[in-house]
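Here the protein sequences line up with chains B and W, keeping their order.
First residue of the first sequence? That's 103 in our numbering, and the numbers climb one at a time after it.
First residue of the second sequence? That's 15 in our numbering, and the numbers climb one at a time after it.
Glycine is no exception: its CB is placed at the ideal position from the N, C-alpha and C atoms.
Bear in mind that the values here come from a model prediction, so they are computed numbers and not experimental data.
Here the structure is laid out as structure tokens; the discussion comes afterwards.
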Amino acid sequence: MNNQSYLFREVLAKNPVLVGTIGLCPVVAICTSLKAALIMSLITIVTLIVAQLITSLFLKRIKQWVRLGLYTIIGMLVVVPSMILVDKFSPDMMLALGIYFPLLAVNPLIVRNCEREAVESNIGKSLLTSICAGLGYSAVLVAVGFIRELLGAGSVWGHKLGFIKPAEAFLMPLGGFIVIAYLAAALRVYFRNLDPEFADELIANSRTNIKGSNKAKLQLKGAKRGAVNTAPRRKKKKRKAEPEKKQTFEVMTLEEAEELRSGSLPQVESTVQAELAPSDEMPKVSQNTSRFEFVTLDLGAEVKKSGDAERFAAAVAASKREKPQRRILNRQGQEKQVKLEREEYIEPVEKEGEDE
Amino acid sequence: MKFIAAFFAAFIYVCFTQNLVFTGGYGASEAIRSAARPKQILLFSIMIAYFSTLTSLICRVVLFIPAFKNSSTIMSLAVYTVVLTIVYFVSVAIIRTLLKSSDWSEIEVDKFFRQTAVASFNTIVLAVPFITEKATYGVHEAIAQGLGAGVAFLIAVALIHLGMRRLEVNSETPLSFRGTPALFMYIAILCLAFTGIMGKSLFF
């Protein structure tokens with residue numbers, strides 16, 4: 103999304119209706135024709151611009167609780183002349199809009215934009231954001247108005263189209279919700295084609311997610327895996343992919359291990375090092391394979407082997423699978439060596455605090 | 015008895031038969047916002063009920079004044095908006111005085127007043143006096159209308175919240191419909207259910 107224009111981001115990615123779920127009442131209730139949608143769009147844009155300019159110029163220093171009360175008065179001061187104009191030039195439209203028309207004065211879009219943008223920024227930026235938000239809102243209004251008029255009344259701009267049988271439900275709020283649901287989904291598809299990560303982010307940070315819940319993010323992961331399980335999943339910590347590298351095993355005899363334990367052998371000289379590729383089944387050692395005390399993985403944990411070749415192989419294989427993180431046997435750590443002595447072999451132990 | 019019957023008839027009508035959120039779309043965005051914040055649902059609904067009842071009552075009383083009787087929608091808008099704003103400022107002033115003795119922090123107080131403003135200035139609250147005027151309700155019915163709006167909002171938010179919870183864990187929802195689009199669809203189904211009560215012919 104970095105390369106996209108400012109206008110694109112403000113109008114589509116921050117769309118008040120389809121992304122922000124703000125100002126739904128006018129969209130689902132009165133936006134039943136293209137003409138009504140255009141009138142509403144115009145009034146919304148004018149109201150937004152006026153409200154944001156007034157806020158930016160005069161209301162910045164006023165306390166927030168006072169400011170919040172004044173937005174409605176500003177909205178009313180814009181809507182009243184608009185109503186007079188519409189009543190004069192299109193009385194039918196005035197009747198059609200009914201009591202929804204005056205409700206534009208309390209459009210939550212005004213409050214949100216004024217509080218988020220106008221209070222924080224200068225006049226220029228405030229004007230720009232108000233135009234962008236107004237355009238985003240208007241785009242949805244016009245699209246919804248067109249679709250609902252087409253499907254609900256079987257007409258476009260008042261002209262009847264004979265081939266469409268009108269479904270009255272589209273002229274009701276339920277039809278409005280259906281149309282904006284499809285428009286929001288279409289926007290998602292568009293974002294997914296453009297930038298899948300951004301589309302995922304949009305779902306994860308959706309305003310309709312229950313606050314404090316991470317389920318939406320998990321649900322998204324589930325969808326990526328193609329899962330159909332409806333049960334909530336436990337969050338797993340992401341593990342960084344291990345680079346393809348060979349593991350080195352240090353193998354020593356029983357006598358050498360005894361000396362190491364007693365502390366008389368600071369460094370095991372006769373240790374056999376065996377390189378193990380990730381695809382190998384078990385370490386390939388060149389000598390003293392009959393009885394080994396310890397097998398030390400360079401990456402972390404050790405396994406102990408006492409005589410049994412099969413168990414030795416199983417232990418090494420298990421340690422390979424689990425990619426152990428913690429070193430159990432430390433050459434300087436006497437206590438840990440004693441602990442190893444008591445057990446036949448040690449399963450690799452994961453780091454404390456790591457999930458699953 | 016007649017008054018009580020009229021009161022409950024208006025109340026039930028607003029809450030269930032013609033739920034303002036689902037059949038009129040009033041306060042739909044606030045309902046979605048509240049449903050996403052389950053801890054605040056009750057408080058927000060009480061605020062809505064408080065503001066809608068008080069505004070509806072005062073506006074109904076104002077309509078008894080001859081100058082405002084049979085006024086146009088434009089005049090009504092001006093009057094109702096002013097009444098609503100006064101109700102808001104007076105309520106906030108009272109609450110501020112009460113909160114002075116409490117141990118609330120400045121941030122908590124600001125958050126509370128933001129919520130109060132959202133609850134007072136929304137379409138569902140401002141729509142109630144208009145509906146009261148159009149339906150030529152009396153004072154008692156205006157009160158019922160205001161209280162009913164709060165309960166209707168609570169019912170709507172509770173239903174939306176239940177849907178949200180189920181939609182969040184449903185990984186069978188198509189990827190493009192995850193989140194907001196699926197929720198809109200769910201609300202459309204609820205609208206359909208409530209519109210069905212009105213007995214309207216919906217499709218063809």
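Residue span of the alpha helix (DSSP H) that contains PHE65/W, given as start and end: Position 51 of the second sequence, counted from the first residue, corresponds to residue 65/W. That run of the alpha helix (DSSP H) goes 55-76.
Item to check | Proximity test, Cβ basis, 8 angstroms: SER190/W and chain B | outcome: Here residue 190/W refers to the residue found at position 176 when the second sequence is read from its first residue. Yes, because at least one Cβ of chain B sits closer than 8 angstroms to the Cβ of SER190/W.
**Prompt:** Just by C-beta distance, which residues in the region 295-310 of chain B are closer than 7 angstroms to chain W?
**Reply:** Hits within the stretch, in order: ILE305, SER308, ARG309 and THR310.
Inset, instruction - Give the DSSP-derived three-state secondary structure of VAL258/B in the structure shown. - result: What you label residue 258/B is simply residue 156 of the first sequence in a count that begins at 1. Reduced to three states, the DSSP call for VAL258/B is strand.
Return yes when the Cβ of THR310/B is within less than 8 angstroms of the Cβ of GLY193/W, no when it is not.
Taking the first residue of the second sequence as position 1, residue 193/W is located at position 179. Taking the first residue of the first sequence as position 1, residue 310/B is located at position 208. THR310/B is positioned such that its CB atom lies closer than 8 angstroms to that of GLY193/W.
Note to self: Applying the 10 Å Cβ sphere with the 16-neighbour rule, what's the burial state of HIS299/B?
What the structure shows: Mapped onto the first sequence, residue 299/B falls at position 197. According to the sequence shown, residue 299/B is Glu rather than His. By the C-beta density criterion, GLU299/B is exposed, having fewer than 16 other C-beta atoms within 10 angstroms.
Out of GLY238/B, TRP167/B and LEU243/B, which one is the CA nearest neighbour of LEU114/B?
Taking the first sequence and counting its residues from 1, the one referred to as residue 114/B is at position 12. With distances taken between Cα atoms, LEU114/B lies closest to GLY238/B.
Span of the alpha helix (DSSP H), counted from its first residue to its last, around LYS165/B | Locating residue 165/B in the first sequence gives position 63, counting from the first residue. If you look at LYS165/B, you'll find it isn't in any alpha helix (DSSP H); DSSP assigns it neither H nor E.
- [ ] Taking the CB atoms as reference points, tell me whether ALA138/B and ALA235/B lie closer together than 8 angstroms.
- [x] In the first sequence, residue 138/B corresponds to position 36, counting from 1. In the first sequence, residue 235/B corresponds to position 133, counting from 1. Result no, Cβ atoms of ALA138/B and ALA235/B do not sit closer than 8 angstroms.
Straight-line gap, CYS133/B to VAL153/W (C-alpha atoms, nearest Å) | What you label residue 133/B is simply residue 31 of the first sequence in a count that begins at 1. What you label residue 153/W is simply residue 139 of the second sequence in a count that begins at 1. Looking at the two C-alpha atoms, the distance is approximately 32 angstroms.
- Measure from the C-beta of PHE56/B to each C-beta in chain W and report whether the shortest distance is under 8 angstroms. With chain B represented from 103 up to 458, any question about residue 56/B goes unanswered, as that position is not in the structure.
Taking only the alpha-carbon atoms, compute the straight-line gap between THR69/W and GLN32/W and give it to the nearest angstrom. Position 55 of the second sequence, counted from the first residue, corresponds to residue 69/W. Position 18 of the second sequence, counted from the first residue, corresponds to residue 32/W. If you take the alpha carbons of THR69/W and GLN32/W, they lie about 20 angstroms apart.
Taking 8 angstroms as the threshold (C-beta atoms), are GLY164/W and SER66/W in contact? Start at 1 with the first residue of the second sequence, and residue 66/W comes out as number 52. Start at 1 with the first residue of the second sequence, and residue 164/W comes out as number 150. Against a cut-off of 8 angstroms, the Cβ pair of GLY164/W and SER66/W comes out as a contact.
| message | Let me check understanding here. Comparing Cα to Cα, which of LEU197/W, ALA202/W and PHE208/W lies closest to ILE305/B? | response | In the first sequence, residue 305/B corresponds to position 203, counting from 1. Relative to ILE305/B, the option among LEU197/W, ALA202/W and PHE208/W whose CA is nearest is LEU197/W.
Item checked: Beta-carbon neighbours of VAL181/B, restricted to chain W and to distances below 7 angstroms -> Locating residue 181/B in the first sequence gives position 79, counting from the first residue. Ordered by position in chain W, the residues that pass the 7 angstroms Cβ test against VAL181/B are LEU91.
Practice problem: Please decide whether TYR40/W counts as near chain B, where near means a Cβ-Cβ distance under 8 angstroms. | Solution: Numbered from its first residue, the second sequence carries residue 40/W at position 26. Interface residue, yes.
* Quick one: residues in its chain with C-beta nearer than 7 angstroms to the C-beta of PHE127/W, no 5 flanking neighbours on either side, listed in chain order? => Here residue 127/W is taken as the residue at index 113 of the second sequence, counted from 1. VAL106, listed in sequence order.
| message | Can you tell me whether PRO195/W is buried or exposed? The criterion is at least 16 other CB atoms within 10 Å of its CB, across all chains shown. | response | As a working note, residue 195/W is residue 181 in the second sequence. It is buried - the Cβ of PRO195/W has at least 16 other Cβ atoms within 10 Å.
- Query: Alpha carbon to alpha carbon, how far is ARG163/B from TYR151/W?
  - Reply: Taking the first residue of the first sequence as position 1, residue 163/B is located at position 61. Taking the first residue of the second sequence as position 1, residue 151/W is located at position 137. So the two alpha carbons sit approximately 42 angstroms from each other.
Review point. My guess is that VAL129/B and VAL246/B are in contact by the Cβ rule of under 8 angstroms, so how many angstroms apart are they, rounded?
Key: Within the first sequence, the letter at position 27 stands for residue 129/B. Within the first sequence, the letter at position 144 stands for residue 246/B. That belief holds up - the Cβ atoms of VAL129/B and VAL246/B are roughly 6 angstroms apart, short of 8 angstroms.
Notebook entry, point to check: For the region 255-284 of chain B, which residues have a CB atom closer than 7 angstroms to at least one CB atom of chain W, in sequence order?
Noted result: Correct list: LYS267, ALA269, GLU270, ALA271, MET274, PRO275, LEU276, GLY278, PHE279, ILE280, ILE282 and ALA283.
Checklist line | Integer-rounded CB distance, given that THR37/W should sit under 8 angstroms from PRO275/B | finding: Within the first sequence, the letter at position 173 stands for residue 275/B. Within the second sequence, the letter at position 23 stands for residue 37/W. The Cβ separation is near 7 angstroms, so the contact holds.
* How many angstroms separate the CA atom of ILE312/B from the CA atom of ALA301/B? -> As a position in the first sequence, residue 312/B is number 210, starting the count at 1. As a position in the first sequence, residue 301/B is number 199, starting the count at 1. Their Cα atoms are separated by approximately 18 angstroms.
Just how far apart, CA to CA, sit ALA131/B and LEU205/B?
In the first sequence, residue 131/B corresponds to position 29, counting from 1. In the first sequence, residue 205/B corresponds to position 103, counting from 1. Counting only the Cα atoms, LEU205/B lies some 11 angstroms from ALA131/B.
Along chain C, in chain order, which residues have C-beta atoms closer than 7 angstroms to that of ILE201/W?
The structure shown has no chain C; the protein chains it does contain are B and W.
Cutting at 7 angstroms between CB atoms, please list the residues of its own chain near SER48/W, excluding the five before and the five after it. As a working note, residue 48/W is residue 34 in the second sequence. Closer than 7 angstroms at Cβ, skipping near neighbours: GLN54, ILE55, PHE58 and VAL171.
Worksheet item: Shortest alpha-carbon distance to LEU168/W belongs to which of PHE144/W, ARG74/W, ALA23/W and ILE46/W?
Response: Taking the second sequence and counting its residues from 1, one reaches residue 168/W at position 154. Closest by alpha carbon: ILE46/W.
- Listing by chain order, which chain B residues have their CB less than 8 angstroms from the CB of ILE88/W? Stepping through the second sequence from its first residue, residue 88/W is reached at position 74. Near ILE88/W (Cβ distances below 8 angstroms), the residues of chain B are VAL182, MET185, ILE186, ASP189 and PRO204.
Give a yes or no on whether the C-beta atoms belonging to ILE259/B and LEU136/B are separated by under 8 angstroms. By 1-based counting over the first sequence, the position of residue 259/B is 157. By 1-based counting over the first sequence, the position of residue 136/B is 34. Just to set this straight, residue 259/B is Trp in the shown sequence, not Ile. Cβ distance < 8 angstroms, so TRP259/B and LEU136/B count as in contact.
Exercise. Count the other CB atoms within 10 Å of the CB of ARG110/W; is the residue buried (16 or more) or exposed (fewer)?
Worked result: The residue you call residue 110/W lines up with position 96 of the second sequence. Exposed: under 16 other Cβ atoms inside 10 Å.
Q | For SER90/W, the nearest candidate out of VAL182/B, HIS261/B and VAL208/B (CA to CA) | A | Translated into the one-based positions of the second sequence, residue 90/W becomes position 76. Per the Cα distances, VAL182/B.
Name, please, each residue of chain W whose Cβ falls closer than 9 angstroms to the Cβ of PRO210/B. The residue given as residue 210/B occupies position 108 in the first sequence. Taking a Cβ-Cβ cut-off of 9 angstroms, the neighbours of PRO210/B in chain W comprise SER43, GLU44, ARG47, VAL132, PHE135, ASN136 and THR137, given in sequence order.
Once you ignore the five residues that flank TYR202/B on each side, which residues in its own chain have a CB closer than 8 angstroms to its CB?
Locating residue 202/B in the first sequence gives position 100, counting from the first residue. Take TYR202/B, set aside five residues on each side of it, and the residues of its chain with a beta-carbon closer than 8 angstroms to its own are CYS127, PRO128, ALA131 and ILE132, in chain order.
- Closer than 9 angstroms, Cβ to any Cβ of chain B: which residues of the region 69-82 of chain W, in chain order? Of all residues in the region 69-82 of chain W, none has a Cβ within less than 9 angstroms of some Cβ in chain B.
Between ILE151/B and SER240/B, is the Cβ-Cβ spacing less than 8 angstroms? As a first step, residue 151/B must be located in the first sequence, where it is residue number 49. As a first step, residue 240/B must be located in the first sequence, where it is residue number 138. Not a contact, by the Cβ cut-off of 8 angstroms.
Inter-residue CB distance, ILE212/B and ALA153/B (contact presumed, cutoff 8 angstroms):
If you number the first sequence from 1, residue 212/B lands on position 110. If you number the first sequence from 1, residue 153/B lands on position 51. Indeed, because the Cβ distance is near 5 angstroms, the residues count as touching under 8 angstroms.
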